[in-house]
Amino acid sequence: MIFSKLQKKTILLGTLALTMIGCATPKNYEKFRAANPRSILVLPPKNQSTDIRGTYSFLSTVTMPIAEKGFYVFPVAIVDQMMKDNGLPSANEMHEISLKKIKEILNPDAVLYINLKEYGSKFVIIESQTTVVATGTLVATNSGEVLWEGTVRQVVSSSSNNSGGLAGMLVNAVVSQAINSTVDHAHNVSMTASQELFMTDGQGLLNGPYKPTEKK
Numbered sequence: 000m001i002f003s004k005l006q007k008k009t010i011l012l013g014t015l016a017l018t019m020i021g022c023a024t025p026k027n028y029e030k031f032r033a034a035n036p037r038s039i040l041v042l043p044p045k046n047q048s049t050d051i052r053g054t055y056s057f058l059s060t061v062t063m064p065i066a067e068k069g070f071y072v073f074p075v076a077i078v079d080q081m082m083k084d085n086g087l088p089s090a091n092e093m094h095e096i097s098l099k100k101i102k103e104i105l106n107p108d109a110v111l112y113i114n115l116k117e118y119g120s121k122f123v124i125i126e127s128q129t130t131v132v133a134t135g136t137l138v139a140t141n142s143g144e145v146l147w148e149g150t151v152r153q154v155v156s157s158s159s160n161n162s163g164g165l166a167g168m169l170v171n172a173v174v175s176q177a178i179n180s181t182v183d184h185a186h187n188v189s190m191t192a193s194q195e196l197f198m199t200d201g202q203g204l205l206n207g208p209y210k211p212t213e214k215k
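Here numbering that gives the first Met the number 0 is used: the first residue of the sequence shown is 0, the next is one more, and so on.
In structure tokens, the structure reads:
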């Protein structure tokens with residue numbers, strides 16, 4: 000009975016979350032349209048999570064959705080190595096470099112700053128949860144104006160099969176957590192999170208000049 004109620008509450012919370020997403024207020028894209036960026040340089044994300052894999056795991060997922068929106072994306076691995084070769088070994092230090100310097104060296108129209116607030120898996124009561132929470136800020140290199148900001152939160156829970164009762168659910172959660180500790184399941188969640196962050200209509204990036212459809 001207790002777990003039946005918990006399941007009902009989980010379904011209700013999921014429904015409310017979907018409703019909130021569906022009712023999200025569309026962003027103001029006035030500055031984005033005025034700047035009309037064609038190329039975007041993505042800096043490695045700052046990582047506030049306890050999982051050291053977060054920065055480069057999430058970074059590896061951003062190129063495809065941004066490119067599919069119609070923008071040229073500077074090769075993230077080359078940008079990262081170039082920054083390191085010039086005395087900036089960490090994402091935090093890379094985020095401190097001036098827009099003027101980035102403009103002089105690589106000449107992108109905009110720079111994307113990503114902050115990874117949560118990344119990884121953890122054991123919660125009777126299930127293992129994999130969570131990715133990230134924010135993105137797109138800044139024009141010419142003016143320093145913020146063209147777009149977005150936030151995404153993705154949570155995936157281990158499958159709870161209650162046929163084995165409480166003991167079965169607990170074993171399932173422990174096994175899932177053990178697997179998550181050796182396999183980076185948060186990477187797969189990051190792929191979904193990146194697509195949602197950059198491609199959601201009315202919340203993500205506008206279509207760029209290299210996308211065959213008209214800008215919205």
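Ideal Cβ placement from N, Cα and C applies to all residues, glycine included.
Residue range S38 to V41 is occupied by the beta strand (DSSP E) that includes I39. G135: member of the beta strand (DSSP E) spanning E126 to A139, first to last residue. Collapsing the DSSP output to three states places G53 in a helix. Comparing alpha-carbon positions, the option among I96, K68, I65 and A34 lying closest to D79 turns out to be I96. In this structure, the CA atom of Y112 is about 19 Å from the CA atom of N206. In this structure the stretch 27-41 does not lie against the stretch 82-98, because fewer than three pairs of beta carbons, one per stretch, are closer than 8 Å. Checking the DSSP bridge columns, you'll see G149 partnered with G135.
Taking C-beta separations shorter than 7 Å and ignoring five residues to either side along the sequence, the partners of D183 in its chain run R52 and S56, following chain order.
Under the three-state reduction of DSSP, N46 is assigned to strand. Within the same chain, P64, E67, K68 and L204 come within 8 Å of M198 by CB-CB distance, once the 5 residues on both sides are set aside. Taking each of M81, M93, P36 and T54 in turn and checking the Cα distance to A185, the smallest one comes out for T54. Between T62 and S127, the alpha-carbon positions lie close to 29 Å from each other. Counting C-beta pairs with one atom in each stretch, the stretch 146-155 and the stretch 71-91 have fewer than three that are closer than 8 Å, which means they do not touch.
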